[in-house]
Amino acid sequence: AANVDEKALAVFEGKKRIKIFTQESPFLIRSFDKYDFKHIDGGFVYQNSDEVGEDELKNAKLMSQREASKEELKDLEIAMKIAAFTKSNNVVYVKNGAMVAIGMGMTSRIDAAKAAIAKAKEMGLDLQGCVLASEAFFPFRDSIDEASKVGVKAMVEPGGSIR
C-alpha cells in the first residue's frame with residue numbers, strides 16, 4: 019500500500035496471517051517500485067523489479083566484426099527497454115526510433131521471431147535495416163538466422179548461451 023493510517027493498522031493488527039507493506043511514495047507508482055509482486059493462488063511471489071538503465075549498452079560485448087552505428091545503438095537501446103518489460107519469450111524489432119514488430123509470450127524464442135516477422139509482413143512493414151533485441155539469450159541460432167533473412171543489421175541479448 020502507498021500509505022496506511024493508524025485506524026487501518028488497528029483493524030489489521032487483530033488479523034492473523036496478514037502483512038502490511040508500505041512504500042516511501044504516497045502514490046502507487048509501478049515504475050518506481052523496488053519489488054515486482056505476482057499474485058498466485060494462495061499468496062504472492064515477489065522479486066526485484068526489472069531495471070533498465072540509461073546506458074544499458076555501455077558494457078555490451080561486441081560479438082561480430084562490425085560495430086553498431088550511433089543510430090543503431092539508439093534503436094538497440096529502445097528495443098532492449100521494450101523487450102525487458104514484455105512477456106517472455108520475446109523479440110523486438112526497432113527502426114528509426116520506433117518499434118516495427120514484436121513477438122511475445124511464445125513457448126520458444128524462434129516462435130516469437132517468426133510471429134513478429136509474419137505480423138510485420140501482414141501489416142506491410144519492412145524489417146530491412148531494423149535492429150533486434152530479446153529479453154533473454156538466444157539458445158539456438160535459428161532466431162538469428164530468421165532475423166538475418168529479413169535484413170536485421172544489429173542484435174542485442176543478455177547472453178548466456180553456450181552455443
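Residue 147 in my numbering sits at position 129 of the sequence shown, and the numbers go up by one each step. Where a beta carbon is used, it is the ideal one built from N, C-alpha and C, also for glycine.
So residue i is in the alpha helix (DSSP H); what residue range does that whole segment cover?
| i | result |
| --- | --- |
| L150 | Careful: L150 lies outside any alpha helix (DSSP H), inside the beta strand (DSSP E) at 149-152. |
| A98 | The residue you asked about is not Ala; residue 98 is Met in the sequence shown. Per DSSP, M98 belongs to the alpha helix (DSSP H) from 88-102. |
| I128 | 127-140 |
Mark residue i as exposed unless 16 or more other C-beta atoms lie within 10 angstroms of its C-beta, in which case mark it buried.
| i | result |
| --- | --- |
| T125 | exposed |
| L46 | Because L46 carries a pLDDT of 48, less than 50, the predicted location of this residue cannot be relied on, and no value is offered for it. |
| N77 | exposed |
| N108 | buried |
| F103 | exposed |
| A86 | buried |
| F62 | exposed |
| F30 | exposed |
| F156 | buried |
Nearest to residue i by CA position, among the options, is which residue?
| i | options | result |
| --- | --- | --- |
| V112 | G32, A172, A78 | A172 |
| V118 | E140, V29, K33, E85 | E140 |
| A101 | S87, T40, E175 | E175 |
| D144 | G121, G61, F39, V168 | V168 |
| F158 | Y64, I128, A26 | I128 |
| T40 | K33, K52, L80 | K52 |
| S166 | Q146, F156, A154, F155 | Q146 |
| S152 | E164, V110, D163 | V110 |
| D93 | A116, V63, H57, K33 | A116 |
When the distance is taken between beta carbons, is residue j closer than 8 Å to residue i?
| i | j | result |
| --- | --- | --- |
| E95 | L75 | yes |
| S161 | A131 | yes |
| I38 | V22 | yes |
| K137 | M122 | no |
| D54 | S67 | yes |
Report the CB separation of residue i from residue j in whole angstroms; it is logged as a contact under 8 Å.
| i | j | result |
| --- | --- | --- |
| V170 | A97 | Wrong, their Cβ atoms sit about 10 Å apart, outside the cutoff. |
| I135 | E164 | 6 Å |
Considering residue i, what are the terminal residues of the beta strand (DSSP E) in which it resides?
| i | result |
| --- | --- |
| F30 | Here F30 belongs to no beta strand (DSSP E); instead the alpha helix (DSSP H) covers 24-31. |
| A172 | 172-174 |
| K56 | 53-58 |
Taking 7 Å as the cut-off, is the beta-carbon of residue i closer than that to any non-hydrogen atom of the ligand PLP?
| i | result |
| --- | --- |
| L143 | Here there are no bound small molecules, and the ligand PLP is not part of this structure. |
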